[in-house]
């Protein structure tokens, strides 16, 4: 048996002892995660600084604080989530108990990503723990300082018989995927996602795939240009543009563009200074490969650099950049940018913008900046996306009561808050009857007769606008 | 002879195809026909009509009318396919679908409304809600054992959720499939909903196309094939897969009543059911009594010659007959029944005893009117046996001891569970129905169907007039702002609420 086989078997054996079932165990593990984050704040900030030159502020709010909130939310609500859900019974089932039990799936696999390496590993893990599972966690090898730190810390804080960390790259992941899991949670790109789902199909393992894509930002004429620019700049250049839900490109009319560009320029200066390279608040690209990829997108683009455009290879620095005169066929519009580059495409009308969006794959997020609530309704209803946010960026994924996930090629499944718990649970329908009232059952037994059928139909038919009897 | 491209109705295409085909049982599905239907469906979807509540209601009501107005035809084709008695057709096929459709009609407005969620401090001036959207064009592949229910119940969910649908009933229940192909275009919108038929090799071709969801009921092996194909385009799937549903009969139990309920579940539709108990694990103390009770039940249900009973079905085809017959001949001992007639595809309601774990009847899904009984010495032994196997779609226990029931429920896992009866939990519109592990993924029935075929989109509507707390989040970052934000977030633990400021 391979190493991975032994790891998974160990977790399965632990799961079999039922130690992850009691709420006290789950809460203790969730508390340990909170402790891990609080006690190692400095080390985590440092690791993210090494991997992405992520500013401490960003690490605190988008990694540490977010994970702590999820853990606390789960602790606070666990009792109610774990309770069986009783359902509305029909008259015929009046003396029976009918409910839905929430049961753990077993041993789950969580594959993290490198852009938010703490959050994208711990938030799913929190859901898996809350739901009573054992888990194998595989952080991304690209964010290696953070991943090494997690590999060192997680076993110190969590029960090692129930939770394991595995490191490695593509080869190790492929090997790991040969094992049988009860759920696979993957955050990352489309092509690896296909291999994950294919591998999962061999064992009929359900998957949650949090992917990305090109999230459009429609900037409509009636918007508050200054506020829009500030929120757009913040959302696009946070984490140096390396967010799966960052606005990837802007669609606006030529007139709006004329007003937007100076506002964008001002905001970039306000937020990052005249030399963003010297700002402590602006990050760097994760590695050489991605740096070159984004730099090539810039140089091959048929558009024009209106703002920024500077790059520095040694530091993997790409300035906050705005491109204009970009067409649909431009290289920069063919893949998710995942960097601090914001192309602006012009359209003549809202309809054209909506058609443009609907011609493409469903994105993970769709943003709309407008002062007109009718426009909000129209865009929201005429397009489909994982999530939708008007007049801001990124924030919809921080509302813990909202499910977060994609649709179409931006993903399968969802999580955050209660939805993480549900993702890692099986909702098992249960009906408990007694032996009494067998006379009522006689109607359903053979030998069949028309009279029995009539009487049963009277008892069991749903009627329009009236009560359910079965 | 290819169908003319300007032909408005798929039904006409198929009639044309049928006239020119050979004596094969069902028309071969051509990839080009499917591609065209998919294109048509996408166009219909883009027209936006399925988004409207009135449209969806009208389609659901039309479906109900279809079942009511053609009841006799449905009874007839199900009798031809499975020798299904009228009683079973009406109750377990037609009424079930009608109930689902009416439940959807009664609740559609509520389901289509946005669901507002509790907001954080920062979003307290915003609107935060989840809205359900159709996924697009969905593929529903129904199984043959209850061909009306297994095709039309998912269809109800897909229609209610605003999707366009390509429905592929099984070629094995060929008469029912032909009826659906003929009737559906006469009742439902012919641009949005299409019925196709074909054999296993056609499925491979069909799965090459891109759908927005695939709903499959059937065998594990094909379920894997479906998921593997879906992986290419990252299409979400719902798989409801068959397997062996265990049924434990405890020593503390009303054996007479247990026997009646088990026999009803196992032998209706001549045992061809995904949800019936597949085998019994019986406590040694009660085995003898259980067998006697089963024998007496079966006599009461089907008479001394079940073959002459109008209440008993037949196996759907020769292949299945052979499969079940071979299982019986190679496993244990026949305690009740055992008679067979190949020409009629008839197998009597049969109970097997002295069955070993290694017997074929305990290794493979039976799918016929045969109930093997294996003895165990305790409930714990039954639990251990069940846990050694794949998670089943349904799990049953008969006991008057609440502790035994509770133990069985908490120490095992299954799609669904029922104590002291069976099958019912799969018929209730308010309970989700689906598998877990090898018995499948996803669920449906009632609201669950609507959710399965919807994308629940999270929406946050902000305005730009008030930049109240968010100003803290912008660079240049200051430690002071950070402290403020972290302090507000930490309120969450103490106040039992939560707060994320961004």
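Protein chains in written order, with my numbering: chain D, 439 to 908; chain A, 31 to 532.
Just so you know, even glycine gets a beta-carbon here, dropped at the ideal spot from N, CA and C.
Proximity test, residue 807/D beta-carbon vs the ligand NAD heavy atom, cut-off 7 Å: Absent from the structure shown: the ligand NAD. Ligands present: none.
Beta carbon proximity, residue 536/D to chain A, threshold 8 Å: Residue mapping note: residue 536/D aligns to position 98 of the first chain, counting from 1. Closer than 8 Å: yes.
Proximity test, Cβ basis, 8 Å: residue 665/D and chain A: What you label residue 665/D is simply residue 227 of the first chain in a count that begins at 1. Chain A, which has a Cβ nearer than 8 Å to the Cβ of residue 665/D, makes this yes.
Straight-line gap, residue 331/A to residue 420/A (C-alpha atoms, nearest Å): As a first step, residue 331/A must be located in the second chain, where it is residue number 301. As a first step, residue 420/A must be located in the second chain, where it is residue number 390. The straight-line gap from Cα to Cα measures roughly 32 Å.
Beta-carbon spacing of residue 311/A, residue 404/A below 8 Å: One-based indexing of the second chain puts residue 311/A at position 281. One-based indexing of the second chain puts residue 404/A at position 374. Yes; because the gap between Cβ atoms is below 8 Å, this pair is in contact.
Buried/exposed call for residue 143/A, threshold 16 Cβ in 10 Å: Here residue 143/A is taken as the residue at index 113 of the second chain, counted from 1. So residue 143/A ends up on the exposed side.
Own chain, CB closer than 6 Å to residue 205/A, minus 5 neighbours either side, in chain order: Your numbering for residue 205/A matches position 175 in the second chain. Within the same chain, residue 205/A has close Cβ partners 107, 110 and 111.
Nonlocal neighbours in the same chain, by C-beta distance under 6 Å from residue 701/D, ignoring five residues either side: Start at 1 with the first residue of the first chain, and residue 701/D comes out as number 263. Excluding residues within five positions, the ones whose Cβ falls inside 6 Å are 663, 664 and 667.
Three or more C-beta pairs below 8 Å linking the region 219-227 of chain A and the region 67-86 of chain A: yes
When 288/A, 67/A, 163/A and 449/A are compared against residue 145/A, the one with the closest alpha-carbon: The count along the second chain starts at 1 and reaches residue 145/A at position 115. Per the Cα distances, 163/A.
Boundaries of the beta strand (DSSP E) in which residue 574/D is found, first to last residue: The count along the first chain starts at 1 and reaches residue 574/D at position 136. First-last of the beta strand (DSSP E) with residue 574/D: 572-576.
Residue 590/A vs residue 293/A beta-carbon contact at 8 Å: Given that chain A is displayed from residue 31 to residue 532, the structure contains no residue 590/A and the question cannot be resolved.
Element boundaries [alpha helix (DSSP H), containing residue 897/D]: Start at 1 with the first residue of the first chain, and residue 897/D comes out as number 459. Counting along the chain, the alpha helix (DSSP H) containing residue 897/D begins and ends at 888-898.
Start-to-end residues for the alpha helix (DSSP H) that takes in residue 480/A: Stepping through the second chain from its first residue, residue 480/A is reached at position 450. From DSSP, the alpha helix (DSSP H) with residue 480/A extends over 477-482.
Under the three-state DSSP convention, the category residue 509/A falls into: Taking the second chain and counting its residues from 1, the one referred to as residue 509/A is at position 479. Residue 509/A falls in the helix class under three-state DSSP.
Secondary structure of residue 465/D, DSSP reduced to three states: Mapped onto the first chain, residue 465/D falls at position 27. Reduced to three states, the DSSP call for residue 465/D is helix.
Terminal residues of the alpha helix (DSSP H) in which residue 593/D lies: Translated into the one-based positions of the first chain, residue 593/D becomes position 155. Element bounds for residue 593/D: 582-595.
Cα-Cα separation between residue 449/D and residue 455/D, rounded to whole angstroms: Taking the first chain and counting its residues from 1, the one referred to as residue 449/D is at position 11. Taking the first chain and counting its residues from 1, the one referred to as residue 455/D is at position 17. When rounded, the distance between both Cα atoms is 10 Å.
Cutoff 8 Å: residue 834/D Cβ touching any chain A Cβ: Your numbering for residue 834/D matches position 396 in the first chain. Chain A, which has a Cβ nearer than 8 Å to the Cβ of residue 834/D, makes this yes.
Nearest neighbour of residue 435/A, chosen from 494/A, 282/A, 323/A and 343/A [CA to CA]: Mapped onto the second chain, residue 435/A falls at position 405. Measuring from the Cα of residue 435/A, the nearest candidate turns out to be 282/A.
Separation of residue 375/A from residue 511/D, as counted between CA atoms: Working through the first chain from its first residue, we reach residue 511/D at position 73. Working through the second chain from its first residue, we reach residue 375/A at position 345. Going from the Cα of residue 511/D to the Cα of residue 375/A covers about 59 Å.
Close-in-space but distant-in-sequence residues of the same chain around residue 536/D (CB under 6 Å, 5 per side omitted): For the purposes of this step, residue 536/D is taken as residue 98 along the first chain, with counting starting at 1. Same-chain partners within the cutoff: 525, 527 and 869.
DSSP-derived helix/strand/coil call for residue 149/A: Here residue 149/A refers to the residue found at position 119 of the second chain. In the structure shown, residue 149/A sits in coil (DSSP, three-state: anything other than H, G, I, E or B).
8 Å Cβ cutoff, residue 541/D in contact with chain A: Indexing the first chain from 1 puts residue 541/D at position 103. Yes, contact with chain A.
For residue 64/A, the three-state DSSP class (helix, strand or coil): Locating residue 64/A in the second chain gives position 34, counting from the first residue. If DSSP states are grouped into helix, strand and coil, residue 64/A belongs with the helices.
Inside the region 515-570 of chain D only - beta strand (DSSP E) runs reaching at least 3 residues: 535-542 and 545-549
Chain A contact for residue 672/D (CB, 8 Å cutoff): Sequence index remark: in the first chain, residue 672/D carries index 234 (1-based). Cβ-Cβ to chain A under 8 Å: yes for residue 672/D.
Residue 420/A - DSSP class collapsed to helix/strand/coil: Working through the second chain from its first residue, we reach residue 420/A at position 390. Residue 420/A falls in the coil class under three-state DSSP.
CB of residue 131/A within 8 Å of CB of residue 186/A, strictly: Locating residue 131/A in the second chain gives position 101, counting from the first residue. Locating residue 186/A in the second chain gives position 156, counting from the first residue. Yes, Cβ-Cβ distance for residue 131/A and residue 186/A is below 8 Å.
Proximity of residue 455/A and residue 883/D at Cβ, strictly below 8 Å: Locating residue 455/A in the second chain gives position 425, counting from the first residue. Locating residue 883/D in the first chain gives position 445, counting from the first residue. Taking 8 Å as the Cβ cut-off, residue 455/A and residue 883/D do not qualify as a contacting pair.
8 Å Cβ cutoff met for residue 452/A and residue 307/A: Reading the second chain from its first residue, position 422 is the one you call residue 452/A. Reading the second chain from its first residue, position 277 is the one you call residue 307/A. It is a contact, given that the beta carbons lie within the stated cut-off.
Sub-8 Å separation of residue 379/A and residue 391/A beta-carbons: As a first step, residue 379/A must be located in the second chain, where it is residue number 349. As a first step, residue 391/A must be located in the second chain, where it is residue number 361. Contact: no.
Reduced DSSP category for residue 723/D - H, G, I as helix; E, B as strand; rest coil: Here residue 723/D is taken as the residue at index 285 of the first chain, counted from 1. If DSSP states are grouped into helix, strand and coil, residue 723/D belongs with coil.
Chain D within 8 Å of residue 487/A, Cβ atoms only: Residue 487/A sits at position 457 when you count from the first residue of the second chain. Yes, its Cβ sits closer than 8 Å to a Cβ of chain D.
Coil, strand or helix - residue 637/D by DSSP: Counted from its first residue, the first chain places residue 637/D at position 199. Looking at residue 637/D - three-state DSSP - the assignment turns out to be helix.
Local conformation of residue 604/D per DSSP, three classes: Against the first chain, residue 604/D aligns to sequence position 166. Coil at residue 604/D, not helix or strand.
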